[in-house]
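> Mind having a look at this structure? Questions to follow.
There are 2 protein chains.
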Amino acid sequence: MISLSQSVGYAVLALAQMDPEGETLALASDIAEAANIPKPYLSKILARLQAAGIVEGKRGQGGGLRLTRKATEISVYEVADAIEGPEWRCSCLLGIPGCSEGKPCPAHEYWGKARAEIVETLRAMTLDRVREYTEAGWKMPILT
Amino acid sequence: MISLSQSVGYAVLALAQMDPEGETLALASDIAEAANIPKPYLSKILARLQAAGIVEGKRGQGGGLRLTRKATEISVYEVADAIEGPEWRCSCLLGIPGCSEGKPCPAHEYWGKARAEIVETLRAMTLDRVREYTEAGWKMPILT
DNA sequence: TTTAAAGTTGACCTCCAGGTCGCTTTTTGC
DNA sequence: GCAAAAAGCGACCTGGAGGTCAACTTTAAA
Chain P
321 MISLSQSVGY AVLALAQMDP EGETLALASD IAEAANIPKP YLSKILARLQ
371 AAGIVEGKRG QGGGLRLTRK ATEISVYEVA DAIEGPEWRC SCLLGIPGCS
421 EGKPCPAHEY WGKARAEIVE TLRAMTLDRV REYTEAGWKM PILT
Chain W
321 MISLSQSVGY AVLALAQMDP EGETLALASD IAEAANIPKP YLSKILARLQ
371 AAGIVEGKRG QGGGLRLTRK ATEISVYEVA DAIEGPEWRC SCLLGIPGCS
421 EGKPCPAHEY WGKARAEIVE TLRAMTLDRV REYTEAGWKM PILT
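Protein sequence lines, in the order shown, are assigned to chains P and W.
For the first sequence, my numbering gives the first residue as 321, with consecutive numbering after it.
For the second sequence, my numbering gives the first residue as 321, with consecutive numbering after it.
Below, the structure written as structure tokens:
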């Protein structure tokens with residue numbers, strides 16, 4: 321498998337459901353339903369996003385969650401950092417432990433360039449871009 | 321993490337240790353030592369490579385393993401198929417279950433192109449190319 | 001024919017991502 | 001002040017990847 325973790329996908333989709341201006345509050349349960357994410361699991365994801373300062377929660381009746389910045393200023397790159405930690409950018413294509421600039425694996429040079437392009441794309445992929453897809457009718461597929 | 325599994329890396333490195341002409345037999349324990357792979361785990365990897373017809377084992381005293389084809393004719397792509405199954409090529413960048421052509425996720429189009437390039441590179445990355453690195457002194461780093 | 005060298009196999013262990021549950025805490029409206 | 005509504009938190013379960021072990025089978029050399 322060549323991909324980010326499922327949790328990052330959930331996080332991106334959840335954030336794309338929220339008010340792009342970061343003004344009105346959304347309920348965690350509404351987000352979970354809209355994005356088709358198990359509610360309890362979404363809580364944990366939101367906790368990480370909160371720790372990273374991407375969302376802000378308000379407790380109590382009438383509470384909810386909102387983006388701390390506008391959707392145009394939040395990238396998938398940043399979300400991946402918040403969920404997986406910054407190491408996700410440093411992985412080796414062949415999964416070889418200890419592979420690094422000093423001890424490059426046979427695929428290191430190629431993968432370094434390809435990964436840099438992917439990272440750049442993810443940096444440019446902001447939440448408002450993702451919203452274009454979700455607003456165009458895309459729904460998280462339901463698990464079997 | 322964006323990478324293939326560690327097992328694929330082990331498999332590639334193990335194969336790169338063997339006679340590129342597929343003639344002389346190599347001992348599993350020698351391969352394990354040369355490539356710095358836990359011996360018992362290597363056995364399981366070799367079993368899969370054998371099931372895929374990439375290597376051939378000969379039992380008994382004086383036995384060992386050899387490539388069934390020349391190193392120039394075996395690609396990392398093929399090895400990944402043997403170890404992970406053919407699904408590794410179809411994964412979604414965001415790890416979203418059910419993402420497909422019919423139900424593309426917001427990163428689907430971009431990732432489809434990027435993945436195709438990666439796959440092409442892996443197809444062109446044959447074992448003899450990998451050997452160039454290992455012969456140039458590269459060693460699998462030792463785990464802590 | 002024995003024996004030691006080699007690969008083969010299945011059971012088992014550990015760790016982590018993904019996922020679930022129920023309780024706790026905070027806040028608002030009445 | 002109290003009850004309901006919301007987020008927050010910690011314990012727990014599950015499956016698969018990575019890894020280990022010991023027993024088993026095959027085979028060639030002595």
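Idealized CB from N, CA, C, for every residue including glycine.
Could you tell me whether the Cβ of Glu404 of chain W comes closer than 9 Å to any Cβ of chain P?
Start at 1 with the first residue of the second sequence, and residue 404 of chain W comes out as number 84. Yes, because at least one Cβ of chain P sits closer than 9 Å to the Cβ of Glu404 of chain W.
> With distances taken from CA atoms, which of W:Val450, W:Met460, W:Thr441 and W:Ala427 is nearest Arg449 of chain P?
Locating residue 449 of chain P in the first sequence gives position 129, where the first residue counts as 1. Closest by alpha carbon: W:Ala427.
> My guess is that Ser363 of chain W and Thr446 of chain W are in contact by the Cβ rule of under 8 Å, so how many angstroms apart are they, rounded?
Residue mapping note: residue 363 of chain W aligns to position 43 of the second sequence, counting from 1. Residue mapping note: residue 446 of chain W aligns to position 126 of the second sequence, counting from 1. Not really, about 24 Å apart at Cβ, beyond 8 Å.
> If you scan the stretch 394 to 461 of chain P from start to end, which runs of the alpha helix (DSSP H) of 4 or more residues do you find wholly inside it?
With a minimum length of 4 residues, the continuous alpha helix (DSSP H) runs that stay inside the stretch 394 to 461 of chain P are 396 to 404, 428 to 444 and 447 to 455.
> Ordered along the chain, which non-local residues of its own chain (more than five positions away) have a Cβ less than 7 Å from that of Thr464 of chain P?
Residue 464 of chain P sits at position 144 when you count from the first residue of the first sequence. Summary for Thr464 of chain P: the model assigns pLDDT 42, below 50, so the residue's position carries little reliability, and this model does not support an answer.
> With a threshold of 7 Å on Cβ separation, who are the neighbours of Cys425 of chain W within its own chain once the five nearest residues in sequence on each side are excluded?
Here residue 425 of chain W is taken as the residue at index 105 of the second sequence, counted from 1. Within the same chain, Cys425 of chain W has close Cβ partners Cys412, Leu414, Ile416 and Cys419.
> Give the straight-line distance between the Cα atoms of Ala402 of chain P and Ala334 of chain P, rounded to the nearest whole angstrom.
Sequence index remark: in the first sequence, residue 402 of chain P carries index 82 (1-based). Sequence index remark: in the first sequence, residue 334 of chain P carries index 14 (1-based). Roughly 14 Å between the two C-alpha positions.
> For a test of the three-state rule: what should DSSP assign to Ala391 of chain P, helix, strand or coil?
As a working mapping, residue 391 of chain P is identified with position 71 in the first sequence. Ala391 of chain P: helix per DSSP, three-state reduction.
> In this structure, does DSSP put Arg379 of chain W in helix, strand or coil?
Numbered from 1 along the second sequence, position 59 holds the residue referred to as residue 379 of chain W. Note: Arg379 of chain W maps to coil in three-state DSSP.
> Hey, Ala336 of chain P and Thr454 of chain P are a contact pair by Cβ (cut 8 Å); roughly how many whole angstroms apart?
For the purposes of this step, residue 336 of chain P is identified with residue 16 of the first sequence, where counting begins at 1. For the purposes of this step, residue 454 of chain P is identified with residue 134 of the first sequence, where counting begins at 1. The Cβ separation is near 5 Å, so the contact holds.
> Please classify Leu324 of chain W: does DSSP put it in a helix, a strand, or coil?
Translated into positions along the second sequence, residue 324 of chain W becomes position 4. In the structure shown, Leu324 of chain W sits in coil (DSSP, three-state: anything other than H, G, I, E or B).
> What's the gap between the Cα of Arg389 of chain P and the Cα of Asp339 of chain P?
Against the first sequence, residue 389 of chain P aligns to sequence position 69. Against the first sequence, residue 339 of chain P aligns to sequence position 19. Each residue's alpha carbon lies about 10 Å from the other.
> With 9 Å as the threshold, decide whether the Cβ of Pro360 of chain W is near any Cβ in chain P.
As a position in the second sequence, residue 360 of chain W is number 40, starting the count at 1. It does not: the Cβ of Pro360 of chain W has no partner Cβ on chain P nearer than 9 Å.
> Verify the CB distance criterion: does Ala336 of chain P have a CB-CB separation below 9 Å to chain W?
Along the first sequence, read from residue 1 onward, the residue named residue 336 of chain P stands at position 16. Ala336 of chain P counts as touching chain W.
> Report the rounded CA-to-CA distance for Asn356 of chain W versus Ala444 of chain W, giving the unit in angstroms.
For the purposes of this step, residue 356 of chain W is taken as the residue at position 36 of the second sequence. For the purposes of this step, residue 444 of chain W is taken as the residue at position 124 of the second sequence. So the two alpha carbons sit approximately 25 Å from each other.
> Name, in chain order, the residues that DSSP records as bridge partners for Arg386 of chain P.
Position 66 of the first sequence, counted from the first residue, corresponds to residue 386 of chain P. Looking at the DSSP assignment, Arg386 of chain P forms a beta bridge with P:Glu376.
> What is the residue span of the alpha helix (DSSP H) that Ala346 of chain P lies within?
Mapped onto the first sequence, residue 346 of chain P falls at position 26. That residue, Ala346 of chain P, is in no alpha helix (DSSP H); it is neither H nor E in DSSP.
> Which one of W:Leu385, W:Gly383, W:Cys410 and W:Glu376 has the shortest CA to CA distance from Ile438 of chain W?
By 1-based counting over the second sequence, the position of residue 438 of chain W is 118. The shortest Cα separation from Ile438 of chain W among W:Leu385, W:Gly383, W:Cys410 and W:Glu376 belongs to W:Cys410.
> Compare the C-beta of Arg435 of chain P with all C-beta atoms of chain W and state if any pair is closer than 9 Å.
In the first sequence, residue 435 of chain P corresponds to position 115, counting from 1. Cβ-Cβ to chain W under 9 Å: yes for Arg435 of chain P.
> For Ile365 of chain P, which three-state DSSP category applies?
What you label residue 365 of chain P is simply residue 45 of the first sequence in a count that begins at 1. Helix at Ile365 of chain P.
> How long is the line joining the alpha carbons of Trp408 of chain P and Gln326 of chain W, rounded to whole angstroms?
The count along the first sequence starts at 1 and reaches residue 408 of chain P at position 88. The count along the second sequence starts at 1 and reaches residue 326 of chain W at position 6. Roughly 15 Å separates the two Cα atoms.
> Rounded C-beta distance between Leu385 of chain W and Leu366 of chain W? I'm assuming under 8 Å.
Start at 1 with the first residue of the second sequence, and residue 385 of chain W comes out as number 65. Start at 1 with the first residue of the second sequence, and residue 366 of chain W comes out as number 46. Right, their Cβ atoms sit about 6 Å apart.
> List the residues of chain P that Val450 of chain W touches, going by C-beta distances under 8 Å, in chain order.
Start at 1 with the first residue of the second sequence, and residue 450 of chain W comes out as number 130. Chain P residues near Val450 of chain W: Pro426.
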